[in-house]
Each structure stands twice: as C-alpha cells, then as structure tokens.
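The structure appears below as structure tokens.
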Amino acid sequence: MKNIITVLFVGATLYSCNKPDSKISEKKAEPEIKTTDKTEPAEISNQEVKESPEESKKESTVSAAFSIKQIVESYLPLKNALTKDDSKTASSEAKKLYSVLKKQDVSKLSSEVKDILESAAENAEHIGEKSDDIAHQREHLLSLSNDITDLIKEKGTGGLKLYQDFCPMYNNGKGGTWISESEEIINPYEGQKMINCGSIKKVF
C-alpha cells in the first residue's frame with residue numbers, strides 16, 4: 000500500500016512538471032516587420048547629355064567675317080601651282096579658294112564688292128573643275144587676278160605686302176597681270192618655259 004502511494008505521488012509530480020505553461024503557450028506573436036525594396040531613381044549619369052543651343056549655332060554657322068587677307072592667302076597657292084605647271088594642285092587650291100570666297104560675310108559689303116566676290120568665286124570654280132586643262136586654268140587665273148586686284152583696291156591687303164606683276168607675252172601679246180607675295184618674278188601664265196618673264200607693275 001505504501002508502495003502504491005509512492006508511485007502515485009511520483010507520477011503526479013512528473014505530470015505537473017511536464018504540463019505546458021498556459022501563459023507561455025499564450026505568448027503573443029510579435030508583429031512581423033516587412034521590408035520593401037525601394038526602387039532607386041535612374042542615375043543622372045546614365046542620361047544623355049544634350050548639346051546646348053549655343054554649341055549647335057557655332058557648328059551651323061556658315062559665314063565668316065569678311066577677310067581680304069584670307070582670300071589673298073588662298074589665292075597665292077593657286078597662282079604658285081601654275082608657275083610650276085601643276086594643274087592638279089592648281090585645281091585643288093582653286094576649290095579651297097572657292098570655299099573661302101563663299102564663306103565670306105557679305106552683309107555689310109557694297110554691291111560692287113559683292114559682284115567682285117561673285118566673279119572671283121566663278122573663276123575659282125572654273126579652275127577647280129579643269130584639272131586636266133592648264134590653258135583653261137590660266138585663262139581664268141587672268142580674270143581671277145583682276146578680281147583680286149579689284150578687291151585689294153576696295154578693301155586693302157589685310158596687312159600683307161603684295162606686288163602686282165605683269166607679263167607682256169601672255170594672251171597673244173595682250174599681256175596679263177597677277178598678284179604675288181614675292182618681289183621675284185615667277186610667271187604663272189608661261190610657267191617653266193618663261194618663268195621669269197615679266198616685271199613689277201605696282202606694289203601694294
């Protein structure tokens with residue numbers, strides 16, 4: 000009997016120890032903290048940088064301020080190519096001169112100067128188109144040289160020291176003038192066959 004009571008006591012003790020605590024079981028679940036991934040705005044560095052209107056205007060500008068110096072300095076290599084009987088280089092230089100003439104700002108020029116520039120551009124264009132016909136090039140050089148002389152008379156030399164030279168033999172003895180940067184006579188009309196034919200007619 001004593002043993003039965005002992006067993007019951009031990010059993011009751013064990014039961015009470017293993018019984019879950021109702022308070023613990025009723026433990027409230029803590030609210031779940033949710034994290035959301037925020038979408039970052041697109042980086043500015045990935046955006047295209049647009050060209051400013053000022054830069055666009057600079058690139059689209061066609062006309063340049065009128066410059067007699069620029070015109071003369073573009074004429075001289077053309078003239079010098081013909082002194083060497085080099086029609087291909089003369090053609091190339093004539094195209095450059097044509098471009099320079101067309102880019103001049105004529106808005107403030109007199110109608111007379113505009114006409115001279117137009118004539119000079121036309122002559123330069125003819126020389127540029129005839130790389131295989133040096134006689135034709137020299138005919139237009141004569142007219143072009145007269146245009147350059149007229150421009151110098153109207154607008155000066157742009158600070159350059161220039162010479163107007165004259166060849167009495169050219170154009171069936173009618174003669175022809177050209178503008179030179181050198182005091183030495185180097186004839187673009189007769190070329191290498193009569194390279195020193197001519198004389199200085201005027202100094203600018």
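Quick note on numbering that gives the first Met the number 0: the sequence shown kicks off at 0 and runs consecutively. Heads up, the beta-carbon is just placed ideally off N, CA and C, and yes, glycines get one too.
Classification of S110 by the beta-carbon crowding that lies within 10 angstroms, buried from 16 upward: By the neighbour-count definition (other C-beta atoms within 10 Å, threshold 16), S110 is an exposed residue.
query: Pick from I133, I70, S106 and E121: whose alpha carbon is nearest that of T82?
result: Among I133, I70, S106 and E121, the Cα nearest to that of T82 is on I133.
query: For I147, which residues does DSSP report across the bridge?
result: Bridge partners of I147: none, in fact.
- request: Under 8 Å Cβ to Cβ from I185, same chain only, skipping five residues before and after it: list those, please.
  value: N79, T82, S179, I194 and N195
field: Outcome for I151 when other beta-carbon atoms lying within 10 angstroms are tallied against a minimum of 16
entry: buried
message: Looking at the strands, I want to know which residues DSSP matches up with S284.
response: No statement about residue 284 is possible, as the shown extent of the chain runs from 0 to 203 and does not include it.
field: Span of the alpha helix (DSSP H) around Y74
entry: I67 to T82
query: Cα separation between K56 and G172?
result: Its pLDDT being 40, under 50, K56 is placed unreliably in this model, and the value from its coordinates should be taken loosely. Going by the C-alpha atoms only, they are around 52 Å apart.
query: What residues are listed by DSSP as bridge partners for C213?
result: There is no way to answer for residue 213, as the model of the chain reaches only from 0 to 203.
query: Tell me which same chain residues have a C-beta within less than 6 Å of the C-beta of F273, skipping the five on either side of it?
result: The shown model of the chain, from 0 to 203, leaves out residue 273, and the question about it has no answer.
query: Could you give the distance in angstroms between the alpha-carbon of A119 and the alpha-carbon of E72?
result: 14 Å
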